[in-house]
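In this note's numbering, the protein residues as written are 28 to 621. Backbone N, C-alpha and C fix where the C-beta goes; we use that ideal spot for every residue, glycine too. As the structure is a prediction and not an experimental result, all values here were calculated from the model. Heads up: the structure comes next, in structure tokens.
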Amino acid sequence: MKFNHSSIQSFGELLRYIRPWRIKVSFASICSILNKVFDIAPEVLIGVAVDLVVEKENSFVASLGFSSIESQVIFLGVVTFIIWALESMFEYIYSIQWRGLAQVVEHEVRVSAYDHAQRLGLSWHENQSTGNITAILNDDVNQLERFLNNGMNQIIQVIVSTICIGFIFFYISPTIASIAVLPVPIIFAVSFFFQKKLSPRYKKVRDKVGALNSSVFNNLLGIQTIKSFMSFHNEKQRVSDLSQDYQNENVKAITVSSAFVPVIRMGVLAGFLGTILIGSHMALSGTLAVGSYSVLVFLTQRFLWPFTTLGTLVDDFERSMASSKRIFDLLETKEHIVEQEKPESIENLKRDIHFDNITFSYDKNSILFKEFNLKIKSGTAVGIVGDTGSGKTTLSKLLLRLYDPDQGRIMIGDQDISNLSIESLRNRIGIVSQDTFLFNASIRENIRYGNKLCSDEEIVSAAKQSQCDEFISSLKDGYETLIGERGQKLSGGQRQRLAIARAIVRDPDVLIFDEATSSVDNRTERLIQKSFFDLKKNRTMIIVAHRLSTIRNCDNIFVIKDSAVHESGTHDQLMSGSDSFYAELWNIQTGKKI
Numbered sequence: 028m029k030f031n032h033s034s035i036q037s038f039g040e041l042l043r044y045i046r047p048w049r050i051k052v053s054f055a056s057i058c059s060i061l062n063k064v065f066d067i068a069p070e071v072l073i074g075v076a077v078d079l080v081v082e083k084e085n086s087f088v089a090s091l092g093f094s095s096i097e098s099q100v101i102f103l104g105v106v107t108f109i110i111w112a113l114e115s116m117f118e119y120i121y122s123i124q125w126r127g128l129a130q131v132v133e134h135e136v137r138v139s140a141y142d143h144a145q146r147l148g149l150s151w152h153e154n155q156s157t158g159n160i161t162a163i164l165n166d167d168v169n170q171l172e173r174f175l176n177n178g179m180n181q182i183i184q185v186i187v188s189t190i191c192i193g194f195i196f197f198y199i200s201p202t203i204a205s206i207a208v209l210p211v212p213i214i215f216a217v218s219f220f221f222q223k224k225l226s227p228r229y230k231k232v233r234d235k236v237g238a239l240n241s242s243v244f245n246n247l248l249g250i251q252t253i254k255s256f257m258s259f260h261n262e263k264q265r266v267s268d269l270s271q272d273y274q275n276e277n278v279k280a281i282t283v284s285s286a287f288v289p290v291i292r293m294g295v296l297a298g299f300l301g302t303i304l305i306g307s308h309m310a311l312s313g314t315l316a317v318g319s320y321s322v323l324v325f326l327t328q329r330f331l332w333p334f335t336t337l338g339t340l341v342d343d344f345e346r347s348m349a350s351s352k353r354i355f356d357l358l359e360t361k362e363h364i365v366e367q368e369k370p371e372s373i374e375n376l377k378r379d380i381h382f383d384n385i386t387f388s389y390d391k392n393s394i395l396f397k398e399f400n401l402k403i404k405s406g407t408a409v410g411i412v413g414d415t416g417s418g419k420t421t422l423s424k425l426l427l428r429l430y431d432p433d434q435g436r437i438m439i440g441d442q443d444i445s446n447l448s449i450e451s452l453r454n455r456i457g458i459v460s461q462d463t464f465l466f467n468a469s470i471r472e473n474i475r476y477g478n479k480l481c482s483d484e485e486i487v488s489a490a491k492q493s494q495c496d497e498f499i500s501s502l503k504d505g506y507e508t509l510i511g512e513r514g515q516k517l518s519g520g521q522r523q524r525l526a527i528a529r530a531i532v533r534d535p536d537v538l539i540f541d542e543a544t545s546s547v548d549n550r551t552e553r554l555i556q557k558s559f560f561d562l563k564k565n566r567t568m569i570i571v572a573h574r575l576s577t578i579r580n581c582d583n584i585f586v587i588k589d590s591a592v593h594e595s596g597t598h599d600q601l602m603s604g605s606d607s608f609y610a611e612l613w614n615i616q617t618g619k620k621i
């Protein structure tokens, strides 16, 4: 049986992956082999029984020392019982072993793939669709599980059946064996032809299901927007088109795979007819015993018929290897943010932060920062403002090492953050972003996400500092209130305040607010601003804002323009400067300038 080169590569990767379970695989394989050996034996026993009836005292069983007909029949009955019992026993064992292995590998592959995906850099995630990743973790892993459940056993049993029956054929009658195996090269050639056609088709099928899942997933996330714009028909049509594409690719693959079995059956028929015609002639002429002829007639079908399963086997194999390739492509994707071999740990970040001559771009065609410099003193509250797209949020991503600069370095004290343990760095930084993500859990669990070890008292304290204790207390279930997927049961302002509480409970050395008050009303913003500067004690605060009122009381304000620090200073200093870009922004926002 010959498969596509990429399929063989995927199969090799699968075998390497399941190597830790090689003892279980070996035991399951041995049981599959023994089951097939005993499964073939009844056809041989039929020939022995025919031989016993025809030859009587001169039968094969008699040559084993059983002279009477009765003893031969009893012996044959006992052997038949033992063979059927062993065949059934090994079938039970291999089923348990292969299915158990399939479940274990399915779990390990899914968890490993998910863990690897969540550790990959933001740049990778931004170029992937969530639906496609979900399809890999669910559909592709399930397809792999189905193959391990049945496919591995089928491959082993087809090989064992071919070898064992072929040996029996050549042992009894090389002439008939030669006739019976004549269709085999044709069957293999046809298998290779169909497999070559199927491999690219199933790759397209997996790609189409990924696109379909992505569209459905994104639509469900954006259901409010769809309802608001009454886009039901358009979105239904979009999903329908993608589903139709998936269906069309499946139909193309099915059309090819369905033609396989009828073609193979013609080869089986040719071998079967050859055995009957030549074998009958030899039996009638006395050159072949009647019992041996009976064995060959029954075994011809057993020898050739498994090849009819090649259609299903090749079909399942190609589907599974297409899925395996997607899984292993994900697992082999390299992380862009790599730690040093022996990274340094850092106890705290209560030191100056220096963006030292950094150059950075999201893509090589558009440089965002070039030889950029910015220094933040430890323990101060700084504001970062600028036009949309000037790179304000990017600075926080660089500080968290969600991205690395193309050139230059980011220093915390005298340590380059690229030399630090990523875990120790991020554990000391808290961030509240404009795009707040909350989990489908209780309010208490969402706040505790910032610090798994925090007490209930610390949760309440953080909620009070972020001005959300009041609305939480007004809810029927208080801190145990379930907030729905992405916090959809709360208002935008309530979600942001919970995100602030989550960051506060982390008790970080550096606290970053990236448009953290963009969705709250003016009264709540003033209360949160007051809390901001209560939180400043013993920590550095970085506030990225469009609403300049948020950063008015900062110790220092950096204005980013044209990929550089255009100006910096306190609010009063910047307002008093001539031709100040900050003052222009302030006057526009306060209505003094239109």
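My guess is that residue i and residue j are in contact by the Cβ rule of under 8 Å, so how many angstroms apart are they, rounded?
| i | j | result |
| --- | --- | --- |
| residue 301 | residue 315 | The Cβ separation is near 14 Å, so there is no contact. |
| residue 34 | residue 345 | 6 Å |
| residue 567 | residue 536 | 7 Å |
| residue 229 | residue 129 | Wrong, their Cβ atoms sit about 20 Å apart, outside the cutoff. |
| residue 65 | residue 108 | Not quite, the Cβ-Cβ distance comes to about 12 Å (not below 8 Å), so this is no contact. |
| residue 379 | residue 405 | 5 Å |
| residue 412 | residue 572 | 6 Å |
| residue 225 | residue 284 | 6 Å |
| residue 506 | residue 471 | 4 Å |
Please report how far the alpha carbon of residue i lies from the alpha carbon of residue j, in whole angstroms.
| i | j | result |
| --- | --- | --- |
| residue 102 | residue 352 | 53 Å |
| residue 51 | residue 192 | 27 Å |
| residue 186 | residue 202 | 22 Å |
| residue 455 | residue 514 | 25 Å |
| residue 61 | residue 512 | 52 Å |
| residue 420 | residue 541 | 7 Å |
| residue 584 | residue 389 | 25 Å |
| residue 14 | residue 245 | With the chain running from 28 to 621 in the structure shown, residue 14 is simply not present. |
| residue 451 | residue 364 | 15 Å |
| residue 132 | residue 183 | 19 Å |
| residue 519 | residue 461 | 10 Å |
| residue 200 | residue 92 | 25 Å |
| residue 487 | residue 543 | 20 Å |
| residue 81 | residue 214 | 36 Å |
| residue 169 | residue 233 | 12 Å |
| residue 381 | residue 387 | 15 Å |
| residue 104 | residue 77 | 13 Å |
| residue 509 | residue 146 | 28 Å |
| residue 31 | residue 343 | Any answer about residue 31 is weak, because its pLDDT of 49 lies below 50 and its placement is not dependable; what the coordinates show is given next. Whole-angstrom Cα-Cα distance: 14 Å. |
| residue 500 | residue 599 | 39 Å |
| residue 164 | residue 144 | 10 Å |
| residue 446 | residue 439 | 11 Å |
| residue 28 | residue 223 | In this prediction, residue 28 has a pLDDT of 41, which is less than 50 and means its spatial position is unreliable; what the coordinates show is noted afterwards. For residue 28 and residue 223, the distance between alpha carbons rounds to 12 Å. |
Have a look at the options and flag the residue whose alpha-carbon is nearest the alpha-carbon of residue i.
| i | options | result |
| --- | --- | --- |
| residue 397 | 304, 587 and 99 | 587 |
| residue 618 | 584, 574, 140 and 357 | 574 |
| residue 154 | 241, 182, 261 and 221 | 241 |
| residue 148 | 122, 428, 457 and 170 | 428 |
| residue 142 | 158, 360 and 471 | 360 |
| residue 403 | 263, 214 and 376 | 376 |
| residue 521 | 615, 474 and 425 | 474 |
| residue 175 | 145, 157 and 122 | 122 |
| residue 189 | 565, 211, 171 and 173 | 211 |
| residue 139 | 233, 104, 253 and 356 | 356 |
| residue 39 | 179, 194, 501 and 160 | 179 |
| residue 478 | 56, 410, 466 and 532 | 532 |
| residue 59 | 69, 87 and 177 | 177 |
One question on the structure: do residue i and residue j come within less than 8 Å of each other, judged by their Cβ atoms?
| i | j | result |
| --- | --- | --- |
| residue 490 | residue 528 | yes |
| residue 326 | residue 196 | yes |
| residue 463 | residue 526 | yes |
| residue 96 | residue 83 | yes |
| residue 330 | residue 238 | no |
| residue 704 | residue 217 | Any property of residue 704 remains undetermined from this structure, which presents the chain solely from 28 to 621. |
| residue 231 | residue 172 | no |
| residue 385 | residue 449 | no |
DSSP beta-bridge partners for residue i?
| i | result |
| --- | --- |
| residue 594 | 586 |
| residue 393 | 390 |
| residue 381 | 402 and 438 |
| residue 443 | 438 |
| residue 187 | The partner list for residue 187 (beta bridge, DSSP) is empty, contrary to what the question assumes. |
| residue 540 | 459 and 570 |
| residue 408 | 568 |
| residue 469 | 509 |
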